[in-house]
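Numbering-wise, my numbering puts 182 at position 110 of the sequence shown, and it's gapless, one number per residue.
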Amino acid sequence: MNNDSLVDLDELEQQLRETQTSIAYDTKEYVVEVMVTRFEKGFFYIPEYQRKFVWEIDRQSKFIESVIMGLPIPFLFGVQDTEGKTEILDGAQRMNTLREFALNRLVLKNLQRLDLLNGLSFSDLPASQQIKFNDRSMRMVILPETVSKQSRLDMFERINTGSEDLKKAEIRKGSFSGPFYDFVCALAEDEQFNKLCPVSHKAAKRGEREELILRFFAYSKNYLDFKHSVFNFLDDYLRDANKEVFDKKQLKNDFRAMLNYVENNLPNGFRKSAKSNTTPRVRFESIAIGINLALKSQPTLTNKGDGFIHTNEFNTHVTSHASNSGPRLRGRIEYVRDWLLGA
């Protein structure tokens, strides 16, 4: 190895010193009854940037079974705020599940090991088992209030990146909260958008609507720069957009104009058919961004119909392999744009 290829050790040392932080923390142990009570009273709370309650009943039941059996439960992570309350950084699903069961709102199902618990709620347990459940203890790492919001978001991303069932959209939601993402989340509640672009209940809770809208803005602006990694591309765009001053009115107008065109020209919206209740991402990208680019080129564009979605070429673009490659992305977007412009 020659000297030119060696890392400058002084620069490396400086970079490490700048990024390494010493964060004080406290480890506390709570019994379930105390955790649920504190959660109910708001002393423990889940921040807005965290994901919604998405565990299915089977997953909740499995967790409760583990607690009843006395199995070790992974640490929860929290951050104490200025009021002395604790923001749950990691463990929202476990906390929610404990509360649902303790308040008799969860009926256990599909358990294999303790199958006699199936069909039972907390109040159905023998009194002795109710006491034992409430006395089960769990540990929580609590960080001090001096930890910055950005550090909290960084921790959320790093803690959850390895989770198989935490989708990339959820990690992004937790890691990149800010003014632009708040704008995206507000648009995700738009009635017209939800009517034209259906997603499953489970996908919606996982942040699919926000994901599609983020793709709309990111690709509309930078699709020519896209290479291959959608995750990194969207992260970079969102990180920059949160820092910059953006024209909310103009972006909202672009979004609305695109939706209006879809509503007036595509009977099924972004669906494959009238009976579909989901929207494939590649189909949304092709239609939404293609229409947006066409409208920017020709604002008076109207009544072109939906002929393009019935062509073999369009179907090839939205069903072909390597859908996340740069050429494929550009191909499906520009096909719709050029068809509408008569190119």
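Glycine residues also receive a C-beta, built at the ideal position from the N, C-alpha and C atoms.
This one's a predicted model, so the numbers in the text were calculated from it and none came from an experiment.
For this session: Under 8 Å by Cβ, that's how I've got L180 and N168 pegged, so tell me the actual separation to the nearest angstrom.
Result: As a working note, residue 180 is residue 108 in the sequence shown. As a working note, residue 168 is residue 96 in the sequence shown. Contact annotation, L180 with N168: C-beta distance approximately 15 Å; criterion of less than 8 Å not satisfied.
For this session: Could I get the ranges of all uninterrupted alpha helix (DSSP H) runs contained in the segment 351-415, with 4 residues as the minimum, in chain order?
Result: 353-369, 384-391, 398-413
Problem set entry | For K157 and Y407, the rounded distance between their alpha carbons | Taking the first residue of the sequence shown as position 1, residue 407 is located at position 335. Taking the first residue of the sequence shown as position 1, residue 157 is located at position 85. Straight-line Cα distance between these residues: approximately 53 Å.
For this session: Compute the Euclidean distance between the alpha carbons of F116 and D326, then round it to the nearest angstrom.
Result: The residue you call residue 116 lines up with position 44 of the sequence shown. The residue you call residue 326 lines up with position 254 of the sequence shown. When rounded, the distance between both Cα atoms is 40 Å.
Problem set entry | Separation of A313 from Y102, as counted between CA atoms | On the sequence shown, position 30 is the one that residue 102 refers to. On the sequence shown, position 241 is the one that residue 313 refers to. Going from the Cα of Y102 to the Cα of A313 covers about 40 Å.
Exercise. Excluding the five sequence neighbours on either side, which residues of its own chain have a C-beta within less than 7 Å of the C-beta of L268, listed in chain order?
Worked result: Within the sequence shown, numbered from 1, the residue matching residue 268 stands at position 196. Closer than 7 Å at the Cβ level, and outside the excluded window around L268, lie L331, V334, E335, G341, F342.
Exercise. Do L170 and V213 have their C-beta atoms closer together than 8 Å?
Worked result: For the purposes of this step, residue 170 is taken as residue 98 along the sequence shown, with counting starting at 1. For the purposes of this step, residue 213 is taken as residue 141 along the sequence shown, with counting starting at 1. Result no, Cβ atoms of L170 and V213 do not sit closer than 8 Å.
Problem set entry | Limits of the alpha helix (DSSP H) - the one that K293 falls within | Taking the first residue of the sequence shown as position 1, residue 293 is located at position 221. Start and end: 280-294.
Exercise. By Cβ distance below 6 Å, which residues in the same chain neighbour L264 in space, the five residues on each side in sequence not counted?
Worked result: Residue mapping note: residue 264 aligns to position 192 of the sequence shown, counting from 1. One detail in the question is off: residue 264 reads as Gln in this sequence, not Leu. Cβ neighbours of Q264 beyond the five flanking positions: L331.
Exercise. How many Å lie between T218 and D162 at the Cα?
Worked result: Looking up residue 218 in the sequence shown gives position 146. Looking up residue 162 in the sequence shown gives position 90. Using only the alpha carbons, I get a separation of about 18 Å.
For this session: Identify which residue in T391, L183, L284 has its Cα closest to the Cα of E261.
Result: Stepping through the sequence shown from its first residue, residue 261 is reached at position 189. Closest by alpha carbon: L284.
Exercise. Since I405 and G362 are thought to touch, with beta carbons under 8 Å apart, how far apart are those beta carbons, to the nearest angstrom?
Worked result: Along the sequence shown, read from residue 1 onward, the residue named residue 405 stands at position 333. Along the sequence shown, read from residue 1 onward, the residue named residue 362 stands at position 290. Indeed they touch by this definition, with Cβ atoms about 5 Å apart.
Problem set entry | Three-way DSSP call (helix, strand, coil) for I118 in this model | Residue numbering aside, residue 118 sits at position 46 when the sequence shown is read from its first letter. Note: I118 maps to coil in three-state DSSP.
Problem set entry | Segment limits, beta strand (DSSP E) that includes Y333 | Counting from one through the sequence shown, the residue named residue 333 turns up at place 261. No beta strand (DSSP E) contains Y333, which is instead part of the alpha helix (DSSP H) from 320-337.
Problem set entry | Helix, strand or coil at E112 according to DSSP, with G and I counted as helix | Within the sequence shown, the letter at position 40 stands for residue 112. Of the three classes helix, strand and coil, the one that applies to E112 here is helix, per DSSP.
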